[in-house]
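Chemist: I am attaching a structure below and will ask some questions about it afterwards.
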Ligand SMILES: [Fe+2]
């Protein structure tokens, strides 16, 4: 039994309430905690011990290896199909809760040794790197993952692996821009694009990661020039999301922008006559900035072996296909082709920098973006 009696008594004393966003797939542990909160104060000591014994018996069920608990910043629709397929194949139940990444990470930290979550599923190497820095992940090795996922899409500390890829690339108006006018991210800082560029807010990790990789490539001074050039070329205030950037290009508010590919896929599905296309920059040098969604094993995972088996399966062609296609992303396993829709955007050379650079230089990137006036 993983948890000591003391730990359970502590759990009774420091009862945890699940956040409002907890789904119906809520882990049994919270049910236990809630049950304890409701009953413990009314029980006499002897009955309390009996109740605790029952809870401990219950907790052996919670700890059984035929389930895995995932905390996910990806919404239900993007993860349920793949977990359902795994349960159907193996009989292993995958329980998950969804929330934004920051509260999920804080919650894993707060739970400490009384962990509920086995895995943290989130997007952007910057976020996964943060989780690693917080000490809430543990290293794990797997020959299957080593074979399926390229090194650049994994943590060098082996605490997380990428599962799907998205390019953060240039989108342009097919009415007002010829693709031949576009070349690189850096060139969007040129005078030619003055008053023609739309960007999402610098508060979003996607832009922080892009800037971090620019710093890695060019150094801080040159990157600051580039970013200042982008800010000078803005046609309007920054947007809160990538879809708004694409809509602004489509509406004629600006001519070019920088977005994640799946947002283009999403909007294009809704509006097939969208007058916007994707362009792959930097094909003559380092390639397109690619980021990922990924998954890490929590430091105190109650079911580490079962969790590792799930992650391994998620890197196989069967799971990669479901997981990538559902959000119009590229499979992280290079042996798996993208969907026909994603493939129709064309092939490109991707940057080969290890994506964890996005995390390592995140703080520097945020400061630089602030100095450059990118809000
Ligand atoms: Fe996103």
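In the working numbering, the protein residues as written are 93 to 467. For every residue, glycine included, the Cβ atom is placed at its ideal position computed from N, Cα and C.
(1) So, does the stretch 233 to 243 touch the stretch 327 to 341, judging by three or more C-beta pairs under 8 angstroms?
(2) Check whether the Cβ atoms of residue 210 and residue 185 sit closer than 8 angstroms, and answer yes or no.
(3) Using DSSP's beta-bridge definition, name the partner residues of residue 423.
(4) Pull up the CB-CB distance for residue 442 and residue 380, whole angstroms please, since I reckon it's below 8 angstroms.
(5) Going by C-alpha distance, which of 300, 366, 334 is nearest residue 266?
(6) At the level of alpha carbons, what is the spacing between residue 164 and residue 395?
(7) Ignoring anything shorter than 4 residues, give me the alpha helix (DSSP H) runs that lie fully in the stretch 177 to 223, in order along the chain.
(8) DSSP three-state call for residue 436: helix, strand or coil?
(9) Considering only C-alpha positions, which residue in the set 448, 372, 195 is nearest to residue 385?
(10) Quick one: using the 10 Å Cβ neighbour count with 16 as the cut-off for buried, is residue 167 buried or exposed?
(11) Kindly indicate the opening and closing residues of the beta strand (DSSP E) around residue 381.
(12) Using only CA atoms, which one of 462, 429, 354, 364 lies nearest to residue 262?
(13) Where are the alpha helix (DSSP H) runs, 4 residues long or more, that stay fully inside the stretch 321 to 407, in chain order?
(14) Use the C-beta contact count for residue 334: other C-beta atoms within 10 angstroms, 16 or more gives buried, fewer gives exposed.
(15) Where does residue 245 fall in DSSP's three states?
(16) What residue from 419, 313, 371 has the CA that sits closest to residue 459's CA?
(17) Whose C-beta lies closer than 7 angstroms to the C-beta of residue 227 among residues of the same chain, with five residues either side of it excluded?
(18) Restricting to Cα atoms, I'd like to know which of 377, 457, 462 is closest to residue 440.
(19) Given residue 425, which residues of its chain have a CB within under 8 angstroms of its CB, disregarding the five upstream and five downstream residues?
(20) Flag residue 352 as yes when its Cβ comes closer than 7 angstroms to any non-hydrogen atom of ligand 1, and as no otherwise.
(21) Considering only heavy atoms of ligand 1, does any lie closer than 7 angstroms to the CB of residue 215?
(22) Assuming the contact rule is C-beta atoms closer than 8 angstroms, residue 212 and residue 194 should be a hit. Round their C-beta distance to whole Å, please.
(23) Does the separation of the CB atoms of residue 288 and residue 330 fall below 8 angstroms?
(24) Compare the beta carbon distance of residue 325 and residue 294 with 8 angstroms and say whether it is the shorter of the two.
(25) Taking 8 angstroms as the CB-CB limit, is residue 284 close to chain B?
(26) Kindly list the residues whose CB is nearer than 7 angstroms to the CB of residue 372, restricted to its own chain and excluding five residues on each side of it in sequence; keep chain order.
(27) Closest by CA to residue 389, which one among 197, 275, 350?
(28) By a C-beta neighbour count over all protein chains shown, 10 Å radius and 16 as the cutoff for buried, is residue 468 buried or exposed?
(29) Quick test of your reading: residue 160 and residue 399, contact by CB under 8 angstroms. State the CB separation rounded to the nearest angstrom.
(30) What residue range is occupied by the uninterrupted beta strand (DSSP E) comprising residue 428?
(31) Less than 8 angstroms between C-beta atoms, sequence neighbours within five positions excluded: which residues of the same chain meet that for residue 149?
(32) According to DSSP, is residue 292 part of a helix, a strand, or is it coil?
(33) If you run the structure through DSSP and keep just helix, strand and coil, what is residue 262?
(34) What is the rounded straight-line gap between the Cα of residue 203 and the Cα of residue 183?
(35) What three-state label does DSSP hand residue 447 in the structure shown?
Modeler: This is what the structure gives:
(1) Fewer than three Cβ pairs drawn from the stretch 233 to 243 and the stretch 327 to 341 lie within less than 8 angstroms of each other, which leaves the two stretches out of contact.
(2) Residue 185 is positioned such that its CB atom lies no closer than 8 angstroms to that of residue 210.
(3) Under DSSP, residue 423 shares a beta bridge with 256.
(4) Yes, they are in contact, since the Cβ atoms of residue 442 and residue 380 sit about 5 angstroms apart, within 8 angstroms.
(5) Cα-wise, what sits closest to residue 266 is 366.
(6) For residue 164 and residue 395, the distance between alpha carbons rounds to 17 angstroms.
(7) Complete alpha helix (DSSP H) runs here, min 4: 193 to 203.
(8) DSSP places residue 436 in coil when its eight states are reduced to three.
(9) Ranking the options by Cα distance to residue 385, first place goes to 448.
(10) Looking at its Cβ environment, which holds fewer than 16 other Cβ atoms inside 10 Å, residue 167 is exposed.
(11) Residue 381 -> beta strand (DSSP E) spans 381 to 389.
(12) When each option's Cα is compared against that of residue 262, the closest is 354.
(13) For the stretch 321 to 407, whole alpha helix (DSSP H) runs of length 4 or above, ordered along the chain, are 334 to 343, 353 to 362, 396 to 406.
(14) Buried: at least 16 other Cβ atoms inside 10 Å.
(15) Assigned with DSSP and collapsed to three states, residue 245 falls in helix.
(16) Residue 459 has its Cα closest to that of 313, out of 419, 313, 371.
(17) Excluding sequence neighbours, residue 227 sits near 391.
(18) Nearest of 377, 457, 462 to residue 440, Cα basis: 377.
(19) Taken in chain order, the residues that qualify are 240, 241, 407, 408, 409, 412.
(20) For ligand 1, at least one heavy atom lies less than 7 angstroms from the Cβ of residue 352.
(21) Yes, the Cβ of residue 215 comes within 7 angstroms of a heavy atom of ligand 1.
(22) Between residue 212 and residue 194, the beta carbon gap of about 12 angstroms keeps them out of contact (Cβ cut-off 8 angstroms).
(23) Cβ atoms of residue 288 and residue 330: not closer than 8 angstroms.
(24) No, they are not a contact pair.
(25) The question asks about chain B, but that chain is absent: this structure has only one protein chain.
(26) Apart from sequence neighbours up to five positions away, the residues of its chain that approach residue 372 with a beta-carbon distance below 7 angstroms are 261, 380, 438, 440, ordered along the chain.
(27) Nearest C-alpha to residue 389 among 197, 275, 350: 197.
(28) Because the chain spans 93 through 467 in this model, residue 468 falls outside it and cannot be assessed.
(29) Sure, about 5 angstroms apart at Cβ, within 8 angstroms.
(30) Counting along the chain, no beta strand (DSSP E) covers residue 428, and no H or E run does either.
(31) The predicted position of residue 149 is uncertain, since its pLDDT is 34 and thus under 50; a value taken from the coordinates is nonetheless stated next. Residues of the same chain with their beta carbon placed closer than 8 angstroms to that of residue 149 are lacking, with the five preceding and five following residues left out of the count.
(32) DSSP places residue 292 in strand when its eight states are reduced to three.
(33) The three-state secondary structure of residue 262, taken from DSSP, is strand.
(34) If I take the Cα positions, the gap works out to 27 angstroms.
(35) Correct three-state label for residue 447: coil.
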